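Undergrad: Dropping the structure in here first, questions after.
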Ligand SMILES: [Zn+2]
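Residue numbers (my numbering): -6 to 331.
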């Protein structure tokens, strides 16, 4: 039987939805910006989701759906989601609400776990039964598939590779520790470190400094708030750093290489611990390509030296913009075997 699921990817900047068949065919997909809702406006976000899901169902010709799969930013418990990037949702019962709306079984999980599962189903880790998937974006998330099964842990938080410590005593992390992978290699970390080096007078090739100056000008109106984008807070985005690095700016190249080495160190640790063959790395920062992946592979090779880990391969994610909605489908199908 070729079942059909409705899928949802809840992000801080965009909401994505699709209708995905059990054989992986995507019948329809749509995206809308995430409404800028503040605390107390939980329904504003859910209403936007309900409208989006109805529209994508209409695009697909309103098939009978067997379930709804959803990926969402963390943290979460088995009952409710509290995504850091959506302040309006604190303890929001997303699974129960979707179940009430559609009357079918629902699977909700962390978006990075969904990405890992999706890459194993149709992407860069296809056919692998032991691998880790990372999303290196504004933050760093991850999911681990071991012996063909996605690891969950007590409250579904297994795979949080963003808080593996890669630099003891290093950059302060939002979690309260120091030197976590997220604090050293996320998009925010890359932007912050690059901005700091410009401020310290390391002009590099000038490209980074030019981007920084432009970013600061844009940031002046409106005045930066804590929820403003990375570019407004640091004068730079990770994308600016990647562009400058592609143009040969040595400071930008060095910042990305450092991030890559930390990612490589973290995946080597996980491969040593869990006997994994593949690490799939996606997310905006991974878009920097070999500038990140080269140093990442070198560090992984340096630190993964056991018989079972030295053949670890680090590969870019393959599903691109559809990673979220395909991952959400993978979550549902994994939770509901035929
Ligand atoms: Zn941390």
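No residue lacks a Cβ here, since even glycine has one placed at the ideal position from N, Cα and C.
Note that the coordinates shown come from a computational prediction; the quantities given were computed from them, not determined experimentally.
Any heavy atom of ligand 1 closer than 6 angstroms to the Cβ of residue 170?
TA: The answer is yes for residue 170.
Undergrad: Can you list, in chain order, the residues of its chain with a C-beta nearer than 7 angstroms to that of residue 90? Leave out the 5 residues immediately preceding and following it.
TA: Excluding positions up to five away in sequence, the list reads 39.
Undergrad: Are the Cβ atoms of residue 100 and residue 324 separated by less than 7 angstroms?
TA: Yes, the Cβ-Cβ distance between residue 100 and residue 324 is below 7 angstroms.
Undergrad: So, with DSSP's three-state summary, where would you put residue 265?
TA: Helix.
Undergrad: Going by DSSP in three states, residue 159 sits in which element: helix, strand or coil?
TA: Coil.
Undergrad: Using the rule of at least 16 other Cβ atoms within 10 Å of the residue's Cβ for burial, across every protein chain shown, is residue 7 buried or exposed?
TA: Burial call: exposed.
Undergrad: Within the chosen definition, does the segment 63 to 79 reach the segment 287 to 305 through at least 3 CB pairs nearer than 8 angstroms?
TA: No contact exists between the segment 63 to 79 and the segment 287 to 305.
Undergrad: Any heavy atom of ligand 1 closer than 6 angstroms to the beta-carbon of residue 156?
TA: Residue 156 Cβ: within cutoff of ligand 1.
Undergrad: Is the distance from the Cβ of residue 355 to the Cβ of residue 309 below 7 angstroms?
TA: Residue numbering for the chain in the displayed model covers -6 to 331; residue 355 lies beyond these limits and cannot be assessed.
Undergrad: Taking the alpha carbon of residue 150 as the point to measure from, which residue in 169, 102, 174, 189 has its own alpha carbon closest?
TA: When only C-alpha atoms are compared, the closest one is 102.
Undergrad: Say yes only if the C-beta of residue 65 is nearer than 6 angstroms to one or more non-hydrogen atoms of ligand 1, and no if none qualify.
TA: Result no, Cβ not under 6 angstroms from ligand 1.
Undergrad: Please state whether DSSP places residue 317 in a helix, a strand or coil.
TA: Correct three-state label for residue 317: helix.
Undergrad: Verify whether the separation of the beta carbon atoms of residue 245 and residue 256 is less than 7 angstroms.
TA: Cβ atoms of residue 245 and residue 256: not closer than 7 angstroms.
Undergrad: What is the DSSP secondary structure of residue 138, reduced to helix, strand or coil?
TA: Residue state, collapsed to three classes: strand.
Undergrad: Return yes when the Cβ of residue 53 is within less than 7 angstroms of the Cβ of residue 21, no when it is not.
TA: In this structure, residue 53 lies closer than 7 angstroms to residue 21 by Cβ.
Undergrad: What I want to know is whether the C-beta of residue 123 ends up closer than 6 angstroms to one or more non-hydrogen atoms of ligand 1.
TA: False, no ligand heavy atom lies under 6 angstroms from that Cβ.
Undergrad: According to DSSP, is residue 181 helix, strand or coil?
TA: Helix, per DSSP.
Undergrad: In three-state DSSP terms, what is residue 6?
TA: Coil at residue 6, not helix or strand.
Undergrad: For residue 25, which residues of its own chain have a beta-carbon under 6 angstroms away from its beta-carbon, when the five flanking residues on both sides are left out?
TA: Answer for residue 25: 8, 45, listed in chain order.
Undergrad: For residue 161, which residues of its own chain have a beta-carbon under 8 angstroms away from its beta-carbon, when the five flanking residues on both sides are left out?
TA: Taken in chain order, the residues that qualify are 171, 172.
Undergrad: In the DSSP assignment, what residue or residues form a beta bridge with residue 13?
TA: According to DSSP, residue 13 bridges with -2, 19.
Undergrad: What do you get for residue 93, buried or exposed, if any count of 16 or more other CB atoms within 10 angstroms of its CB means buried?
TA: Label assigned to residue 93: exposed.
Undergrad: For residue 18, does the count of other Cβ atoms within 10 angstroms reach 16, so buried, or fall short, so exposed?
TA: It counts as exposed.
Undergrad: Let me check you understand the geometry: is the CB of residue 166 closer than 6 angstroms to at least one non-hydrogen atom of ligand 3?
TA: Inclusion of ligand 3 in the displayed structure is not the case, the ligand content consisting of ligand 1 alone.
Undergrad: If you measure between the beta carbons of residue 10 and residue 23, is that distance less than 7 angstroms?
TA: Yes.
Undergrad: Helix, strand or coil: which one does DSSP assign to residue 305?
TA: DSSP places residue 305 in coil when its eight states are reduced to three.
Undergrad: Is residue 144 helix, strand or coil when you go by DSSP?
TA: Looking at residue 144 - three-state DSSP - the assignment turns out to be coil, as it is neither helix nor strand.
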